[in-house]
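Chains as they are written, first to last, in the working numbering: chain W, 352 to 676; chain V, 2 to 258. Inspection log for the structure reproduced underneath, given as structure tokens.
Here it is, written out as structure tokens:
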């Protein structure tokens with residue numbers, strides 16, 4: 352499916368949450384089985400035009416995430432390609448048991464979209480932050496999990512989702528005005544392998560996912576111009592299936608920083624550690640930079656990132672500190 | 002099955018629902034065990050998943066699987082456990098056991114059927130104590146709002162939960178609540194085949210989802226199990242089985258009359 356570069360630029364400007372609904376509208380034009388649901392967050396996810404264009408294939412369930420996931424699953428069992436979205440904590444935890452029973456136990460091919468995950472909801476605070484969604488979804492067998500890092504990647508994942516027969520969780524992170532990180536010519540996120548956005552030279556790498564990838568690239572560039580140390584940036588956007596093989600594609604990696612807008616429990620850092628072999632003497636030192644045992648204070652998004660050590664400066668400082676040890 | 006497996010089984014709620022299931026599978030529903038994947042089949046969802054023993058008995062008599070499959074119930078080598086696990090070929094449309102979820106799933110199927118122009122109807126059986134789950138009412142509110150007229154919610158109101166005391170929602174409360182949310186409510190004797198059949202029958206003038214509140218007896222048909230919540234989840238010894246079977250002809254006669 353062809354989309355003009357200018358449209359992707361516009362979607363990157365909007366951010367993944369608002370672009371999501373517009374992308375579904377685009378896909379629904381050529382997919383008569385596409386069906387979208389929202390639990391009273393349609394306007395917040397760019398679905399208003401979709402809803403008015405395809406009212407017979409849109410359902411606003413009201414603020415009832417548990418029911419939305421159940422209804423979405425019934426629609427999937429009826430043969431629709433179903434997308435259901437809500438803010439990340441509500442779709443992963445409020446409806447967690449429905450996700451477990453319907454997408455997990457029954458394996459129904461519903462695509463759930465966790466909107467505005469991580470800290471991006473800023474002043475809405477910890478009631479709305481998505482800091483546990485990966486832990487929850489990751490502990491339910493059979494659900495694929497992906498965090499796209501720009502609009503090209505999100506679009507390729509949505510195209511994949513509309514034909515996939517597997518349940519899928521798409522974690523949307525970041526706010527608006529995204530920096531495109533997907534390399535030219537490699538804009539599809541459907542091969543599910545991690546990829547090097549920047550090669551490593553000194554045995555030190557950042558492993559990250561989602562919109563955080565852009566920040567991590569800046570971290571690597573700043574660190575290089577300031578200290579001459581060149582660190583790699585490996586983007587591992589698929590948490591399930593998780594390719595440990597792709598992760599170990601560098602022979603020189605000695606210290607890895609897993610950087611994630613998520614609890615340090617159950618996210619990317621945990622998944623990397625889980626995949627290391629205990630009898631491997633060359634195993635890297637893995638340090639996870641994420642949300643520690645706290646409910647972060649509500650603030651502007653940038654301040655929330657900064658207060659939790661996940662802005663550019665915070666990540667650089669932690670890396671410097673570790674490398675001094 | 003209950004005696005053979007040597008394990009506690011959910012007898013009380015399986016016996017209270019059995020006449021409802023026989024009416025659905027035997028008279029009302031369009032279904033064919035020889036073509037279980039027929040897209041126009043009516044759909045039955047056992048939201049009260051612990052009533053699976055009852056559903057299995059009915060599915061077996063309808064011809065969905067062999068006696069050998071049935072005999073494996075709650076045995077380590079068997080196909081069936083105490084709750085349904087989705088297996089459409091054997092007539093089991095959904096996995097249940099975590100209560101309060103079947104109505105949402107059934108609503109999704111009903112909405113999908115309407116959107117696809119599929120004439121089938123969807124029946125969801127719940128327990129009365131299950132109706133304390135909030136998600137039941139999320140689904141009830143939406144179905145009423147959407148006027149999903151191809152959806153039938155059935156409540157097996159046997160008056161006992163796991164702990165034995167009456168449900169938080171009695172029959173009057175259930176009827177009033179469904180009615181308030183835009184459902185066409187029917188109250189029937191859940192052991193009267195005529196009343197059940199009339200309540201389930203398709204009425205093309207109907208424009209609302211239908212809720213059938215069934216007054217039932219937990220443990221129905223075996224005198225010492227009736228209204229005795231010890232049999233919610235109990236073990237049937239050979240002696241108990243003998244005593245129960247002794248009573249059966251009387252019950253068959255009563256049901257036939």
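Using N, Cα and C, we set each Cβ at its ideal position, and we do this for glycine too. Just so we're clear, the structure is a prediction, and the values are computed from it rather than from any experiment.
Asked                                                                                                             : Found
Status (buried if at least 16 other CB within 10 Å, exposed otherwise) for residue 449 of chain W                 : buried
CB contact below 8 Å: residue 145 of chain V versus chain W                                                       : no
Spatially closest choice to residue 132 of chain V from V/97, V/102, V/200, V/63, by CA coordinates               : V/102
Residue interval of the alpha helix (DSSP H) (run including residue 368 of chain W)                               : 367-379
For residue 522 of chain W, the residue or residues it bridges with in DSSP                                       : W/465
Contact with chain W by residue 102 of chain V, beta-carbon distance below 8 Å                                    : yes
Residue 576 of chain W, DSSP secondary structure in three states                                                  : helix
Through-space distance from residue 84 of chain V to residue 170 of chain V, alpha-carbon basis                   : 24 Å
Beta-carbon proximity of residue 37 of chain V to residue 64 of chain V, cut-off 8 Å                              : no
Three-state class that DSSP yields for residue 407 of chain W in the structure shown                              : helix
Residue 306 of chain W: contacting residues in chain V (beta-carbon distance under 7 Å)                           : Given that chain W is displayed from residue 352 to residue 676, the structure contains no residue 306 of chain W and the question cannot be resolved.
Rounded straight-line distance, which links the Cα of residue 392 of chain W to that of residue 252 of chain V    : Per-residue confidence for residue 252 of chain V stands at a pLDDT of 49, beneath the threshold of 50, marking its modelled position as unreliable; no derived number is given.
Cβ-Cβ separation, residue 658 of chain W to residue 650 of chain W (assumed contact under 8 Å), whole Å           : 7 Å
Simplified DSSP state of residue 362 of chain W, which is helix, strand or coil                                   : helix
Candidates V/196, V/154, V/237, V/7, of which the one nearest residue 122 of chain V by Cα                        : V/154
Beta-bridge pairing of residue 327 of chain W - partner residues as DSSP gives them                               : The structure shown does not extend to residue 327 of chain W, since chain W spans only 352 to 676, so no value can be given for it.
Cross-strand partners of residue 124 of chain V (DSSP beta bridge)                                                : V/45, V/153
8 Å Cβ cutoff, residue 448 of chain W in contact with chain V                                                     : yes
Contact set between residue 139 of chain V and chain W, taken where Cβ atoms lie within less than 7 Å             : 415, 417, 418
Contacting residues, own chain, Cβ-Cβ under 7 Å from residue 416 of chain W (five flanking each side not counted) : 390, 437, 441, 442, 445, 446
Supposed close pair residue 555 of chain W, residue 582 of chain W - CB separation, criterion 8 Å                 : 4 Å
Own chain, CB closer than 8 Å to residue 198 of chain V, minus 5 neighbours either side, in chain order           : 24, 28, 29
Local conformation of residue 481 of chain W per DSSP, three classes                                              : strand
Cβ-based contacts, 7 Å cut-off: residues of the segment 70-95 of chain V near chain W                             : 87, 95
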